[in-house]
Amino acid sequence: MTDLEAARATPATRGSRRAWLGLTVLLLPVLLVSMDISVLFLALPTLTIDLDPSADQQLWILDIYGFLIAGLLITMGNLGDRIGRRNILLAGATIFGIASMLAAFAPSAGVLIGARALMGLGGATLLPSSLALISSLFPDARERATAIGVWTAFFAGGSAVGPIIGGVLLHQFWWGSVFLINIPVLLILLAFGPFVLPEHRASKLGPLDLPSVALSIGGILPVVYGIKHAATKGIETQAVLTALIGAVILVAFIRRQRHLDEPLLDLRLFGKAQFSVAIGASLAGMMSLAGMSYLTSIYLQSVTGRSALAAALLGIPMAIAVFLCSMGGVGVGHRFGARATFVFALLASAVGNLMLLGMGVHGGLWWYLTGSAIAGIGYGVSFTLVSDVAVSSVPPERAGSAVGISETSFELGNALGLALLGSLAALVFRSGVGYADTLGETIQRADGNAALIESARESFVGGMHIAVAAGATVLVAMAVVALLASPVKR
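Just remember that my numbering sits 444 ahead of the position in the sequence shown, which is counted from 1.
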């Protein structure tokens, strides 16, 4: 057997150079998937001029990517356990690359929506397979913890730097450049992945239960759609009915899982205190983070008058805090215990959110910078520990399935944050007399009426304060749950 064949066939051993090189390659798709969640925000205005999408098409351009990632994560995690995590990673990267090319040169809004859907399909394979492969690359618990911290740091950092990179690209090139940047990164992954990544598949697992696949996708997608529809257009009958239909399908899905020998969603995992606390922490953390990020982005642009790029740059302190604390979060968990670490992280995130109450119409930027950085410390520690618990709670052959559950909880938390906290802030804002649906629309229609603009800004800040306080309350409640849960063994 040649050295090259041996490199392909033999899993990386503990601490080997190939293991760390493999981790470097795994970080590439993680960075892309997380960046593509946020990079399109800045491109939408210029994209709208070229493609002239309808209002509904604009929403689908933004949302279809996240919808499919949320709906397919559990399925793709299980599929990777069966057909091979490296196989599905490389297949997903290929799909992601082709879809990125198609999106960059899309001649119409419909084609762009289809391309974004394909990107979501590819992205759903990349996240669970890349994190699950870490358990094969690093059998040693401490090295695996370090690797997971790096993985989480890049995932969290990608969402933060997405708008910044988008702003730089859009300053020099056309809107399609935000998709073309994916291509060279994916080519590196496809070139080196087969040689530095070990293949891992579970030989004891049977075929996927296709009815469970259909039920999971058919349940998650309507729920996420209903939540996001409520966030953008308010609580309407259509959104409520869609979410209820999805909830009924999910109930049927859960009932089916109880009677399967090899379920798509292993409900026994939730009988473990550490796993349940981790999933609850990811839901609460992403819910508050999504609400905070969404509302402060509007605040920095529509209240303080900054450009989108300037607003994104002000998010750098939180991005740095998340990145650095993600690197050491699992180490903190091993030193002080996962339960104590979750409690600390959730409370730190809550304190950071509450500090945003110091932001006002005519001041308070330092409250934002300090509060978001403190919240970032909590989010970084918590999210890394969630990923570590998901991987370590199950045997190696089920790692993809467990990771799929944890990543789905992040997506659902993001959707809940935008819908519930965003809707709460909007409800408070719209209680004012003479306002449009959003602050931006109100300012545009004010026709220079300084008193109306000032009043609208004050109303938005009031709604933002109530929403971030609600997010902080959820974090504190989850911290209490973590404190009272059974001791988490590490």
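The C-beta atom is built at its ideal place from N, Cα and C for all residues, glycine as well.
From a predicted model like this one, the values you see are computed outputs, not experimental measurements.
As an exercise, report each continuous alpha helix (DSSP H) stretch of at least 4 residues that is fully enclosed by the segment 653-704, in chain order. 654-677, 681-701
Excluding the 5 residues preceding and the 5 following residue 929 in the sequence, name in chain order all residues of the same chain whose CB lies nearer than 6 Å to its CB. Translated into the one-based positions of the sequence shown, residue 929 becomes position 485. So the list reads 717, 721, once near-sequence residues are dropped.
Please confirm if the segment 723-743 is in contact with the segment 686-705, defined as three or more CB-CB distances below 8 Å between the two stretches. no
Please list the segments of the alpha helix (DSSP H) lying wholly inside the segment 573-640, counting only runs of 4 or more residues, in order along the chain. 585-616, 621-624, 626-640
Extent of the continuous alpha helix (DSSP H) to which residue 731 belongs: By 1-based counting over the sequence shown, the position of residue 731 is 287. Segment 717-742, the alpha helix (DSSP H) holding residue 731.
Note the first and the last residue of the continuous alpha helix (DSSP H) segment covering residue 748. Stepping through the sequence shown from its first residue, residue 748 is reached at position 304. Careful: residue 748 lies outside any alpha helix (DSSP H) and carries neither H nor E.
Do residue 539 and residue 515 count as a contact pair if the criterion is CB distance below 8 Å? Residue mapping note: residue 515 aligns to position 71 of the sequence shown, counting from 1. Residue mapping note: residue 539 aligns to position 95 of the sequence shown, counting from 1. It is not a contact, given that the beta carbons lie outside the stated cut-off.
Answer yes if the segment 804-822 comes into contact with the segment 786-793, meaning at least three C-beta pairs across the two stretches below 8 Å, and no otherwise. yes
Tell me the DSSP secondary structure of residue 804 in three-state form. Residue numbering aside, residue 804 sits at position 360 when the sequence shown is read from its first letter. DSSP places residue 804 in strand when its eight states are reduced to three.
Residue from 894, 857, 555, 477 with nearest C-alpha to residue 533: Position 89 of the sequence shown holds residue 533. Of 894, 857, 555, 477, the residue nearest in Cα terms is 477.
With 16 other CB atoms within 10 Å as the buried threshold, where does residue 582 fall? Numbered from its first residue, the sequence shown carries residue 582 at position 138. Result: buried.
Relative to the C-alpha of residue 671, which candidate in 660, 656, 688, 655 has its C-alpha closest? Taking the sequence shown and counting its residues from 1, the one referred to as residue 671 is at position 227. Closest option to residue 671, Cα to Cα, is 688.
Taking 6 Å as the limit between beta carbons, can you name the residues of its chain near residue 802, skipping five residues before and five after? By 1-based counting over the sequence shown, the position of residue 802 is 358. So the list reads 808, 811, once near-sequence residues are dropped.
Any 3 or more C-beta pairs closer than 8 Å across the segment 765-775 and the segment 902-909: no
Inter-residue Cα distance where the pair is residue 519 and residue 654: Locating residue 519 in the sequence shown gives position 75, where the first residue counts as 1. Locating residue 654 in the sequence shown gives position 210, where the first residue counts as 1. Answer to the nearest angstrom: the Cα atoms are 10 Å apart.
For residue 920, which of 469, 612, 728 has the nearest alpha-carbon? Against the sequence shown, residue 920 aligns to sequence position 476. Checking every option, the nearest Cα to that of residue 920 belongs to 728.
Could you check the C-alpha separation between residue 577 and residue 781 for me, to the nearest Å? Within the sequence shown, residue 577 is the residue found at index 133, counting from 1. Within the sequence shown, residue 781 is the residue found at index 337, counting from 1. Going by the C-alpha atoms only, they are around 25 Å apart.
So, using beta-carbon positions, are residue 633 and residue 883 closer together than 8 Å? Locating residue 633 in the sequence shown gives position 189, counting from the first residue. Locating residue 883 in the sequence shown gives position 439, counting from the first residue. Not closer than 8 Å, so no.
Residue 468 in three-state terms, based on DSSP: Translated into positions along the sequence shown, residue 468 becomes position 24. Of the three classes helix, strand and coil, the one that applies to residue 468 here is helix, per DSSP.
Buried or exposed: residue 725, going by 16 or more other Cβ atoms within 10 Å of its Cβ? Reading the sequence shown from its first residue, position 281 is the one you call residue 725. Classification of residue 725: buried, given that the 10 Å Cβ count is 16 or more.
Would you call the segment 864-876 in contact with the segment 908-918, where contact means no fewer than 3 C-beta pairs closer than 8 Å? yes
Indicate the three-state DSSP secondary structure (helix, strand or coil) for residue 890 in the structure shown. On the sequence shown, residue 890 is found 446 positions in, with the first residue counted as 1. If DSSP states are grouped into helix, strand and coil, residue 890 belongs with coil.
So is residue 796 buried or exposed if we call it buried at 16+ other beta carbons inside 10 Å? Start at 1 with the first residue of the sequence shown, and residue 796 comes out as number 352. Residue 796 should be labelled buried.
State the DSSP-derived secondary structure class of residue 496, mapped to helix, strand or coil. Taking the sequence shown and counting its residues from 1, the one referred to as residue 496 is at position 52. Note: residue 496 maps to coil in three-state DSSP.
At which residue ranges does the segment 901-925 contain complete beta strand (DSSP E) runs of 3 or more residues, listed in the order of the chain? none
Which class does residue 948 belong to by DSSP, given the choice of helix, strand or coil? With the chain running from 445 to 934 in the structure shown, residue 948 is simply not present.
Residue 552 in three-state terms, based on DSSP: The sequence position of residue 552 within the sequence shown is 108, counting from 1. Residue 552: coil per DSSP, three-state reduction.
Local conformation of residue 707 per DSSP, three classes: To locate residue 707, count along the sequence shown from 1; it is residue 263. Of the three classes helix, strand and coil, the one that applies to residue 707 here is coil, per DSSP.
With 16 as the cutoff for other CB atoms within 10 Å, does residue 656 come out buried or exposed? Counted from its first residue, the sequence shown places residue 656 at position 212. Label assigned to residue 656: buried.
When the Cα atoms are used, what is the spatial distance from residue 548 to residue 621? Indexing the sequence shown from 1 puts residue 548 at position 104. Indexing the sequence shown from 1 puts residue 621 at position 177. Going by the C-alpha atoms only, they are around 7 Å apart.
What span of residues does the alpha helix (DSSP H) with residue 783 cover, start to end? Indexing the sequence shown from 1 puts residue 783 at position 339. Looking at the DSSP string, the run of the alpha helix (DSSP H) that includes residue 783 is 782-799.
Helix, strand or coil for residue 491 per DSSP? Locating residue 491 in the sequence shown gives position 47, where the first residue counts as 1. Three-state DSSP puts residue 491 in a helix.
In its own chain, which residues sit with a C-beta less than 8 Å from the C-beta of residue 570, not counting the 5 before and 5 after it? Within the sequence shown, residue 570 is the residue found at index 126, counting from 1. If we look at residue 570 and ignore the five residues flanking it on each side, its Cβ neighbours are 473, 474, 476, 477, 533, 536, 537, 540.
Which value, in whole angstroms, describes the spacing of the CA atoms of residue 591 and residue 467? In the sequence shown, the residue the question calls residue 591 occupies position 147. In the sequence shown, the residue the question calls residue 467 occupies position 23. Approximately 7 Å, taken between the alpha carbons.
Which residues in the same chain have their Cβ closer than 8 Å to the Cβ of residue 595, if we skip the five residues on either side of it in sequence? Counted from its first residue, the sequence shown places residue 595 at position 151. Excluding positions up to five away in sequence, the list reads 467, 470, 471, 474, 574, 575, 578, 831.
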